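Here is the structure we will look at.
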Amino acid sequence: MNAPTEHRGPALITLVGPTASGKTDISLALAERFGAHIINYDSVQLYAHLEIGSAKPSADERARAPHHLYEYGTPEFEPTAGDYARAAGELIEGLLEKGERIILVGGTGLYLRALVYGLAGAPPTEPEIRAQIAERFEGASPEEIHAALSEVDPQAAARLEINDRQRITRALEVFEQTGRALSDWQAEHGFAAPRLDVRCLGLDVPRETLYERIDARSAKMIAQGIIGEVERLLAMGYKAEGRALSSIGYRHVLAHLRGELDAAQLLETLARDTRRYAKRQLTWWRGDQSVTWLDATQGPAAFIEAARRIWEGDGA
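Note that the sequence shown covers residues 1 to 316 in our numbering.
Here it is in structure tokens:
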């Protein structure tokens, strides 16, 4: 079953903004006030057992309102944006048929875009091409692979993290197979016809405040035991080179466990790279004219009022 192709039921409210901007707290306030369901669109929070490093809502927080797609990925199943769009689409269709209100919460703009607009029509990679790319870059560093992508698809390289080997490799495969950059395929697709009625509320936090929160969160993750969490995840079968443990936080701990970072360097690089990630998230969302930005430092009141107008027919 595909994602819904016609708007039906209440609009979906989407909370957007950088990491550490307070999306979890705002989403819970909205869900409790309006009896809404919360659906995740964060590519790392999708995975079961990734708790501390993903900044996933705690078990107690998830018990306060219906939460969905926080235990979707496993060591054996690493969901793509397409997998997510199909699963979330089916879930949303069922909830809308019941007249439920839905809040989409996360930090991965690509996954949300895949859900709302569909994916670009680039052809699936041929196995031979994939094998050629793997052979060409066997033993290459993340920086070398990212530099290779910059030469053929600078737009894709600019939005992808250096350590996001899977998506970088996919972009290289598309270029090798078609002679066209993946970003060209995406631009041609246009993402112009939304399949869902989505209203985006952005969490506006001053940059200095945001960075202070990120530094505090990074220290808290270490204090809460992210190192032990990574050791447990490896024991469960999650691969060090897999998509889940290649994400921010987890890959830093892996480097620490390999002896490449001491305790002080772990905290420093984790905070630094999280700040850089937040900056990329802001760049992504600031370019979206559909987002209504609200002051998130004053608590949930403005978001509750915006949701009331959307869901109770007093404006959109």
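Glycine residues also receive a C-beta, built at the ideal position from the N, C-alpha and C atoms. These numbers come from a predicted model, not from an experiment.
Could you name the residues that DSSP lists as bridge partners for residue i?
| i | result |
| --- | --- |
| Y211 | None, per the DSSP bridge assignment. |
| G249 | According to DSSP, which records beta bridges pairwise, G249 is partnered with nothing at all. |
| D197 | Paired residues: none, contrary to the question. |
| I103 | I13, I38 |
| G73 | Y47 |
Compute the distance between the beta-carbons of residue i and residue j, then report whether it is under 9 Å.
| i | j | result |
| --- | --- | --- |
| T178 | I133 | no |
| L160 | A147 | no |
| P300 | I26 | yes |
Taking the alpha helix (DSSP H) that residue i belongs to, which residues open and close that run?
| i | result |
| --- | --- |
| R286 | 263-286 |
| H146 | 142-152 |
| F303 | 301-311 |
| D60 | 59-62 |
| I387 | There is simply no residue 387 to check, as the chain begins at 1 and stops at 316 in what is shown. |
| Q177 | 165-178 |
| I162 | Note, I162: premise wrong, no alpha helix (DSSP H); not H, not E. |
Compute the Euclidean distance between the alpha carbons of residue i and residue j, then round it to the nearest angstrom.
| i | j | result |
| --- | --- | --- |
| Y277 | E135 | 30 Å |
| A85 | Y111 | 7 Å |
| P75 | D83 | 15 Å |
| I227 | D184 | 40 Å |
| G107 | W285 | 10 Å |
| A31 | Y47 | 22 Å |
| N2 | L95 | In this prediction, N2 scores a pLDDT of 37, lower than 50, which makes its location untrustworthy; the coordinate-derived value is nonetheless stated afterwards. Using only the alpha carbons, I get a separation of about 14 Å. |
| H37 | A131 | 42 Å |
| H49 | S290 | 34 Å |
| I103 | I13 | 5 Å |
| L267 | G313 | 47 Å |
| K239 | M221 | 21 Å |
| G17 | E100 | 24 Å |
For the beta strand (DSSP E) that residue i lies in, which residues bound it at each end?
| i | result |
| --- | --- |
| V16 | 12-16 |
| D295 | 291-295 |
| Cβ pair count under 8 Å reaching 3, the region 47-63 against the region 85-104 | no
| Do the region 248-264 and the region 215-233 meet, that is, are 3 or more Cβ pairs less than 8 Å apart? | yes
| query | Counting Cβ pairs closer than 8 Å, one from the region 239-250 and one from the region 152-166, do we hit at least three? | reply | Yes, since at least three Cβ pairs between the region 239-250 and the region 152-166 fall closer than 8 Å, the two stretches touch.
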